[in-house]
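A.B. asks: Pasting a structure here, questions to come.
Listed below in structure tokens is the structure:
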């Protein structure tokens with residue numbers, strides 16, 4: 022009996038053991054921490070620029086390709102670009118892996134950062150599916166909103182110039198902007214609250230997605246001002262990356278991803 026009890030205890034305290042619905046303590050952080058996260062993120066990039074910027078180049082190329090494909094349908098590009106912010110936490114998993122390697126005193130390597138996903142593949146895969154469904158739903162809903170406003174007005178929105186001209190000239194242009202971004206904000210709020218620490222937590226700990234999402238929500242609830250400013254920071258930095266013909270994503274995406282890892286580290290402690 023003693024041996025069985027000791028074995029049971031060793032299993033329960035083993036690192037990365039499967040934990041269902043575990044409550045993890047969430048720490049309070051001041052808004053000033055955001056600048057520290059960004060500095061730490063930049064330090065992670067400098068530790069191995071080739072690994073981090075390889076991810077950045079991939080994001081930039083995807084953005085450029087998406088711009089080319091949707092050139093004739095700018096409304097779709099706007100929806101897809103905002104949708105990118107919804108799935109960004111999952112897409113940045115490899116970059117979290119690089120920060121984790123540095124934290125553990127390892128040399129950050131591009132390929133080895135990808136392999137870390139295997140440690141909690143089921144939960145990460147489920148999270149990817151959920152984010153993918155949210156993005157698809159948002160893109161389809163944005164198409165409905167666009168159709169309601171532009172099709173009824175028989176407005177031609179061919180190309181970016183056509184979209185801009187329609188927004189400036191049609192009487193309901195401001196209503197479209199309000200409706201489009203209000204609905205998009207609801208999606209972004211849900212994705213941010215349930216995902217601000219979810220992806221890095223699933224990467225580091227073998228926990229279920231419910232535990233990770235619940236921890237993320239509590240992190241936002243405990244740090245409302247800091248998380249609001251952090252969300253705005255992410256939006257501005259990634260937005261600038263997209264606005265520079267997606268070339269800025271080469272730096273913007275790694276910077277935000279590495280900084281997000283340090284934000285997670287500050288807010289979530291061991292159970």
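In the numbering used here, the protein residues as written are 22 to 292. Think of the CB as a built atom: it goes at the ideal place given N, C-alpha and C, for glycine as much as any other residue. Computed from a predicted model, the values in this text were never measured in an experiment.
Please go through the same chain and pick out, in chain order, the residues whose beta-carbon is closer than 6 Å to the beta-carbon of residue 27, but skip the five residues on each side of it.
C.D. replies: Interpretation of residue 27 is limited by its pLDDT of 42, a score under 50 that renders its predicted location unreliable; the figure taken from the coordinates is listed afterwards. Taken in chain order, the list of residues that qualify is empty.
A.B. asks: Using DSSP with H/G/I as helix, E/B as strand and the rest coil, what is residue 47?
C.D. replies: Looking at residue 47 - three-state DSSP - the assignment turns out to be strand.
A.B. asks: Count the other CB atoms within 10 Å of the CB of residue 208; is the residue buried (16 or more) or exposed (fewer)?
C.D. replies: Under this definition residue 208 is a buried residue.
A.B. asks: For the candidate residues 240, 255, 281, whose alpha-carbon lies nearest to that of residue 103?
C.D. replies: If we check each option's Cα against that of residue 103, 255 comes out closest.
A.B. asks: Name the residue from 171, 140, 127 whose alpha carbon lies nearest to the alpha carbon of residue 96.
C.D. replies: The shortest C-alpha separation from residue 96 is found at 171.
A.B. asks: Under three-state DSSP, which class holds residue 228?
C.D. replies: Three-state DSSP puts residue 228 in a strand.
A.B. asks: Count the CB pairs spanning the region 194–202 and the region 133–143 that are closer than 8 Å, and state whether there are at least three.
C.D. replies: No, the region 194–202 is not in contact with the region 133–143.
A.B. asks: Does the beta-carbon of residue 157 have 16 or more other beta-carbons within 10 angstroms, so that it is buried, or is it exposed?
C.D. replies: With fewer than 16 other Cβ atoms within 10 Å, it is exposed.
A.B. asks: To test your reading of the DSSP string, which unbroken alpha helix (DSSP H) runs of 4 or more residues are found completely within the region 68–134?
C.D. replies: Listed in chain order, the complete alpha helix (DSSP H) runs (minimum 4 residues) inside the region 68–134 are 70–90, 95–112, 114–124.
A.B. asks: For the putative contact between residue 238 and residue 214, defined by C-beta atoms under 8 Å, what is the C-beta separation to the nearest angstrom?
C.D. replies: Their Cβ separation, rounded to whole angstroms, is 5 Å, which keeps residue 238 and residue 214 in contact under 8 Å.
A.B. asks: Residue 270 and residue 92 - do their beta-carbons sit closer together than 8 Å?
C.D. replies: Against a cut-off of 8 Å, the Cβ pair of residue 270 and residue 92 comes out as no contact.
A.B. asks: Going by DSSP, what residue range makes up the alpha helix (DSSP H) through residue 212?
C.D. replies: Its alpha helix (DSSP H) spans residues 194–216.
A.B. asks: So what does residue 289 bridge to, in DSSP terms?
C.D. replies: Per DSSP, 47.
A.B. asks: Pick from 86, 244, 245, 118: whose alpha carbon is nearest that of residue 8?
C.D. replies: With the chain represented from 22 up to 292, any question about residue 8 goes unanswered, as that position is not in the structure.
A.B. asks: Whether or not the region 218–230 and the region 145–154 are in contact is what I'm after, with contact meaning three or more pairs of Cβ atoms, one per stretch, closer than 8 Å; do they touch?
C.D. replies: Result yes; three or more Cβ-Cβ pairs closer than 8 Å.
A.B. asks: Can you tell me whether residue 274 is buried or exposed, with buried defined as 16 or more other CB within 10 angstroms of its CB?
C.D. replies: That one is buried.
A.B. asks: Residue 55 and residue 282 - do their beta-carbons sit closer together than 8 Å?
C.D. replies: Against a cut-off of 8 Å, the Cβ pair of residue 55 and residue 282 comes out as no contact.
A.B. asks: For residue 266, name the three-state secondary structure that DSSP assigns.
C.D. replies: Note: residue 266 maps to coil in three-state DSSP.
A.B. asks: Taking the Cβ atom as the reference point for each residue, do residue 110 and residue 247 lie within a distance shorter than 8 Å?
C.D. replies: Going by C-beta atoms, residue 110 is not nearer than 8 Å to residue 247.
A.B. asks: List the whole-angstrom C-beta distance separating residue 244 from residue 288, where the pair is believed to meet the contact cut-off of C-beta under 8 Å.
C.D. replies: The Cβ separation is near 7 Å, so the contact holds.
A.B. asks: Is it buried or exposed for residue 259, if we count other Cβ within 10 angstroms and need 16 for buried?
C.D. replies: By the 10 Å Cβ count, residue 259 comes out buried.
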